[in-house]
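Participant: In the order they appear, the protein sequences are chains F and B. All residue numbers for the first sequence refer to this note's numbering, where the first residue is 2 and numbers rise by one. All residue numbers for the second sequence refer to this note's numbering, where the first residue is 16 and numbers rise by one. To start, I am sharing the structure in question, which I have written as structure tokens.
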Amino acid sequence: MRMAKDKLHNKVILAEFESSGAILQAACELRDAGYTHFDCHSPFPIHGMNDAMGIKRSSLSVLVGSFALLALGGAFYMQYWMSSVDYRLVISGKPFNSFQAYTPVVFALTVLTAAIVSFVAVLGLSKLPRFNHPTFSSERFARFSDDAFFVSVESDDAKFDEVKTRSFLVSIGAQNIEVLE
Amino acid sequence: MKIVESPGTHNTTVAPLIAGNPTYHDVTQKISGVIEARTPKLWYVAISISGAFALMFLVMLTILFLKGVGIWGLQIPVGWGFDITNFVFWVGIGHAGTLISAILFLLRQRWRTSINRFAEAMTIFAIICAGIWPAIHVGRPWFLYYVFPVPNQMSVWPNFRSPLLWDFFAVGTYFTCSLLFWYLGMVPDLATIRNRAKSKIKKIVYGIFSLGWRGGNRQWRHYEVAYLLLAGISTPLVLSVHSVVSTDFSVSVLPGWHSTIFPPYFVAGAIFSGFAMVLTLALIARKVFGLENYITMTHLDRMNKIILVTGMMVAYSYVIEFFIAWYSGNMYERFAFWNRAFGPYAWAFWIMAFCNVVVPQIFWSKKLRTSIPVMFVASLLINVGMWFERYVIIVTSLSRDFLPSSWQYFKPTIYDLGMLAGSFGLFLTMFLLFIRFLPMVAMSEVKAVLPQSDPHHSEALELETGTVKG
């Protein structure tokens, strides 16, 4: 219980950088200094940021691929079972298991599943929806979606120290540092 | 400290994708400004008119449910008239939006960023307008759930060998994928509107729909992959949906329908008509909201080129259909096509041929391709032509079946015409609501293609100006 409460009451140090190049550089510095629980907020995705932050490429595609394969098999089996096992109906004298005709529905259901899984997975993996976050208490932070670039360092990072982290951020060129909770 | 090389290092010889060299803030201001400004008077006028048509549609639907499909001009053998014509027309319109948002994304055509949002919106509204027709044309819409593979009281399953059932799955999937793709793409922009919102209601509503987006790279990295996947998933849909729609016709044995060229022919026609509709809407939105720097002449020029290419494909299909009708040696097939061009529906056929074959040829000329009034008129004519294409295929083929005693001329009733106009009203109403309340240009994507977004931009600039050596 206490753990959960602490997690919700994270402190965050928010620091602003002036350009996409500067924030990419800052991410490299933070990574090399051993920080792991930090994030870089920008109005658009920045190319090369995953490497700069030292995080892996998203595993979303593996997840979507597996579900799509399941749907492929499932859609075929559903049609097979419905038209040649559970209720056999002669239609235009065609064979019960006329599997060629299953193709469009197999395709549609595979695509549908892949789309729904991608959507659900992107929310799950990026921990959304989440309507409360310390960063939202900063007025300046609203500009992340406009033209500003921010680094946020979370207090559950092993290297987090309000004073040291702050001075480290200043040393790598941060402006307008705020401590939020 | 190695940072991966960015592939977007700038090619200074190419004209910028977004004209006027805006800053990030300019982009935010311009696009959000459309939503935040006072509602223009013209918008109220427009939505009153389109809303009136949408309401008329609703009234006519009610009458249809009360009285049945007899209120339409249908009479066997013409069992499909305006209903399925409208369905195929509206589904076709949607295809351009998917092509722009998915195929052009995979092909890294970065110019698409400023038109993809409203092209996708157009897709969704067009599928909504399309989906109504098959649902109501069945006569007893309350039995529509038969197409779902769910256990029912008769313990009968749907017939998976029927193209009409494939159609349901294809269009249902198309709608869901397009909606998810559109919404996911819009989440970062909704967050922008939320962050700028002044009133409490706006903050809450945009706040809920933006899902608490914080623009962190830990979100972007999944978002980018999901966006890519959804683009990849939607790509085959551009080709598959209208192919499946065409099997509704080509799998039957009716002369004029029973043809293997239908799937590619329908897909080309769909993209052709869809681009014409995107163009119509883009020209209006560009003018009304002053988006000339975002939807530039380059965009319009490229769209016109696509219209020209797909128009040629459609023209080729028309010719081949006639050739095969003659070459097959089948008298019924020959009759069907002779009747199409010179029979009682010749007027519809020649409207179609003029609008779809002759009109796009003007786009060979660079001067006409870059003239706004010319392309606006052309886009309207192409939409008319493509509606008539479906009308010609459906009605002329059905009205002259194998038994001459049952031949007759199809006459639409006031309900046919009213519901067609009503579906346009519904489409435009949804579109007007969209441009009023949602960001119609993808801000985050436009910002990403601005030159200063490349993390190596300043280095490249320094190299160019010679302030850095080596």
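A virtual CB, placed ideally from N, CA and C, is assigned to each residue, including glycine. All values derive from a computational prediction rather than experimental measurement.
Thinking Gly22 of chain F and Pro470 of chain B are a contact (beta carbons under 8 Å), I'd like their distance in whole angstroms, please.
Facilitator: Here the question's residue 22 of chain F lines up with position 21 in the first sequence. Here the question's residue 470 of chain B lines up with position 455 in the second sequence. About 4 Å separates the two Cβ atoms, so the contact holds.
Participant: What do you reckon, are the CB atoms on Leu298 of chain B and Ile387 of chain B nearer than 8 Å?
Facilitator: As a first step, residue 298 of chain B is located in the second sequence; it is residue number 283 there, counting from the start. As a first step, residue 387 of chain B is located in the second sequence; it is residue number 372 there, counting from the start. A contact, by the Cβ cut-off of 8 Å.
Participant: Which residue's Cα is closest to the Cα of Gly96 of chain B: B:Tyr280, B:Lys56, B:Ile409?
Facilitator: Sequence index remark: in the second sequence, residue 96 of chain B carries index 81 (1-based). The option with the nearest alpha carbon to Gly96 of chain B is B:Ile409.
Participant: For the alpha helix (DSSP H) that Glu404 of chain B lies in, which residues bound it at each end?
Facilitator: Translated into positions along the second sequence, residue 404 of chain B becomes position 389. Where Glu404 of chain B is concerned, the enclosing alpha helix (DSSP H) stretches over 387-406.
Participant: Rounding to the nearest angstrom, what Cα-Cα distance links Glu20 of chain B and Gly55 of chain F in this structure?
Facilitator: Here residue 20 of chain B is taken as the residue at index 5 of the second sequence, counted from 1. Here residue 55 of chain F is taken as the residue at index 54 of the first sequence, counted from 1. Per-residue confidence for Glu20 of chain B stands at a pLDDT of 40, beneath the threshold of 50, marking its modelled position as unreliable; no derived number is given.
Participant: Tell me which residue opens and which closes the beta strand (DSSP E) that His42 of chain F is part of.
Facilitator: Within the first sequence, the letter at position 41 stands for residue 42 of chain F. Residues 39-42.
Participant: State buried or exposed for Thr77 of chain B, treating a residue as buried only when at least 16 other CB atoms are found within 10 Å of its CB.
Facilitator: On the second sequence, residue 77 of chain B is found 62 positions in, with the first residue counted as 1. Exposed.
Participant: Per DSSP, what kind of secondary structure is Gly55 of chain F in: helix, strand or coil?
Facilitator: Position 54 of the first sequence, counted from the start, is the residue given in the question as residue 55 of chain F. Coil.
Participant: Ser153 of chain F by DSSP, collapsed to three states: which one?
Facilitator: Locating residue 153 of chain F in the first sequence gives position 152, counting from the first residue. Strand.
Participant: When DSSP labels each residue in this structure, what does Leu89 of chain B get in the three-state scheme?
Facilitator: As a position in the second sequence, residue 89 of chain B is number 74, starting the count at 1. In this structure, Leu89 of chain B counts as coil in the three-state DSSP scheme.
Participant: Taking Glu182 of chain F as part of the beta strand (DSSP E), name the residues at either end of that continuous run.
Facilitator: If you number the first sequence from 1, residue 182 of chain F lands on position 181. Note, Glu182 of chain F: premise wrong, no beta strand (DSSP E); not H, not E.
Participant: Is it buried or exposed for Ala42 of chain B, if we count other Cβ within 10 angstroms and need 16 for buried?
Facilitator: Stepping through the second sequence from its first residue, residue 42 of chain B is reached at position 27. Note that residue 42 of chain B is Val in the sequence shown, not Ala. Buried is the call here.
Participant: Looking at Leu15 of chain F: is its Cβ nearer than 8 Å to the Cβ of Leu181 of chain F?
Facilitator: If you number the first sequence from 1, residue 15 of chain F lands on position 14. If you number the first sequence from 1, residue 181 of chain F lands on position 180. Leu15 of chain F is a Cβ neighbour of Leu181 of chain F, given a cutoff of 8 Å.
Participant: Quick one: using the 10 Å Cβ neighbour count with 16 as the cut-off for buried, is Leu441 of chain B buried or exposed?
Facilitator: Here residue 441 of chain B is taken as the residue at index 426 of the second sequence, counted from 1. Residue environment analysis places Leu441 of chain B among the buried positions, since at least 16 neighbouring C-beta atoms fall within 10 angstroms of its C-beta.
Participant: Going by DSSP in three states, Phe18 of chain F sits in which element: helix, strand or coil?
Facilitator: In the first sequence, the residue the question calls residue 18 of chain F occupies position 17. Phe18 of chain F falls in the strand class under three-state DSSP.
Participant: Assess, as a yes-or-no matter, whether the stretch 103-123 of chain F is touched by the stretch 249-266 of chain B under the definition of 3 or more beta carbon pairs within less than 8 Å.
Facilitator: yes
Participant: Does the count of Cβ pairs from the stretch 100-109 of chain B and the stretch 138-150 of chain B closer than 8 Å reach three?
Facilitator: Yes, they touch.
Participant: Quick one: what's got a C-beta closer than 6 Å to Met16 of chain B's C-beta in the same chain, skipping five residues either side?
Facilitator: Along the second sequence, one-based indexing puts residue 16 of chain B at 1. Note on Met16 of chain B: pLDDT 39, under 50, position unreliable in the model; no value is reported.
Participant: Counting only beta-carbon separations shorter than 8 Å, does Thr37 of chain F have a partner in chain B?
Facilitator: Locating residue 37 of chain F in the first sequence gives position 36, counting from the first residue. It does not; no Cβ of chain B falls within 8 Å.
Participant: Contact criterion: CB-CB distance below 8 Å. Does Trp379 of chain B meet it with respect to chain F?
Facilitator: The count along the second sequence starts at 1 and reaches residue 379 of chain B at position 364. Not closer than 8 Å to any Cβ of chain F, the Cβ of Trp379 of chain B fails to qualify, so no.
Participant: For the alpha helix (DSSP H) holding Cys144 of chain B, just list the boundary residues, first then last.
Facilitator: Here residue 144 of chain B refers to the residue found at position 129 when the second sequence is read from its first residue. Here the alpha helix (DSSP H) through Cys144 of chain B covers 131-152.
Participant: Would you list the residues sitting across from Val123 of chain F in a DSSP beta bridge?
Facilitator: Stepping through the first sequence from its first residue, residue 123 of chain F is reached at position 122. BP columns for Val123 of chain F are empty, so no partner.
Participant: Applying the 10 Å Cβ sphere with the 16-neighbour rule, what's the burial state of Ile397 of chain B?
Facilitator: As a working mapping, residue 397 of chain B is identified with position 382 in the second sequence. The residue is buried, with at least 16 neighbouring Cβ atoms inside 10 Å.
Participant: Using a beta-carbon distance below 8 Å, is Phe184 of chain B in contact with chain F?
Facilitator: One-based indexing of the second sequence puts residue 184 of chain B at position 169. Chain F, which has a Cβ nearer than 8 Å to the Cβ of Phe184 of chain B, makes this yes.
Participant: Determine the burial state of Ile50 of chain B: buried for a count of at least 16 other Cβ atoms within 10 Å of its Cβ, exposed for fewer.
Facilitator: In the second sequence, the residue the question calls residue 50 of chain B occupies position 35. Ile50 of chain B is buried by the Cβ-count criterion.
Participant: How would you write the range of the alpha helix (DSSP H) that Ser138 of chain F sits in, first residue to last?
Facilitator: As a working note, residue 138 of chain F is residue 137 in the first sequence. Per DSSP, Ser138 of chain F belongs to no alpha helix (DSSP H) and is neither H nor E.
Participant: Under 8 Å between beta-carbons, which chain B residues line up against Phe108 of chain F? List them in chain order, please.
Facilitator: Within the first sequence, residue 108 of chain F is the residue found at index 107, counting from 1. Those within 8 Å of Phe108 of chain F in chain B are Pro251, Ser255.
Participant: Between Ala300 of chain B and Phe133 of chain B, is the Cβ-Cβ spacing less than 8 Å?
Facilitator: If you number the second sequence from 1, residue 300 of chain B lands on position 285. If you number the second sequence from 1, residue 133 of chain B lands on position 118. Yes, the Cβ-Cβ distance between Ala300 of chain B and Phe133 of chain B is below 8 Å.
Participant: Where does Val164 of chain F fall in DSSP's three states?
Facilitator: Residue 164 of chain F sits at position 163 when you count from the first residue of the first sequence. Of the three classes helix, strand and coil, the one that applies to Val164 of chain F here is helix, per DSSP.
Participant: Compute the beta-carbon to beta-carbon distance between Ser193 of chain B and Ile139 of chain B, rounded to the nearest angstrom, for a pair I have assumed lies under 8 Å.
Facilitator: Stepping through the second sequence from its first residue, residue 193 of chain B is reached at position 178. Stepping through the second sequence from its first residue, residue 139 of chain B is reached at position 124. Their Cβ separation, rounded to whole angstroms, is 5 Å, which keeps Ser193 of chain B and Ile139 of chain B in contact under 8 Å.
Participant: Within a Cβ cutoff of 8 Å, which residues of the same chain sit near Val118 of chain F, ignoring the five residues on either side of it in sequence?
Facilitator: Numbered from 1 along the first sequence, position 117 holds the residue referred to as residue 118 of chain F. Contacts found: Leu64, Val65, Phe68, Ala69.
Participant: Hey, out of B:Phe338, B:Ala356, B:Met327, whose CA is closest to Asn371 of chain B's CA?
Facilitator: Translated into positions along the second sequence, residue 371 of chain B becomes position 356. Closest option to Asn371 of chain B, Cα to Cα, is B:Met327.
Participant: What separation, rounded to the nearest whole angstrom, lies between the Cα atoms of Ile223 of chain B and Pro130 of chain F?
Facilitator: Here residue 223 of chain B refers to the residue found at position 208 of the second sequence. Here residue 130 of chain F refers to the residue found at position 129 of the first sequence. Cα to Cα, Ile223 of chain B sits roughly 8 Å from Pro130 of chain F.
Participant: Based on Cα-Cα distance, which residue from B:Tyr360, B:Pro359, B:Glu336 lies nearest to Gly349 of chain B?
Facilitator: Walking along the second sequence from the start, residue 349 of chain B turns up at place 334. One detail in the question is off: residue 349 of chain B reads as Arg in this sequence, not Gly. Per the Cα distances, B:Glu336.
Participant: For chain F, find out if any of its Cβ atoms is closer than 8 Å to the Cβ of Glu239 of chain B; answer yes or no.
Facilitator: Along the second sequence, one-based indexing puts residue 239 of chain B at 224. By this cut-off, Glu239 of chain B is an interface position.
Participant: Which residues in the same chain as Thr28 of chain B place their Cβ atom closer than 8 Å to its Cβ, once the five residues preceding and following it in sequence are excluded?
Facilitator: By one-based count along the second sequence, residue 28 of chain B stands at place 13. For Thr28 of chain B, the predicted model reports a pLDDT of 45, less than 50, meaning its position is unreliable; a value from the coordinates is still stated below. Excluding positions up to five away in sequence, the list is empty.
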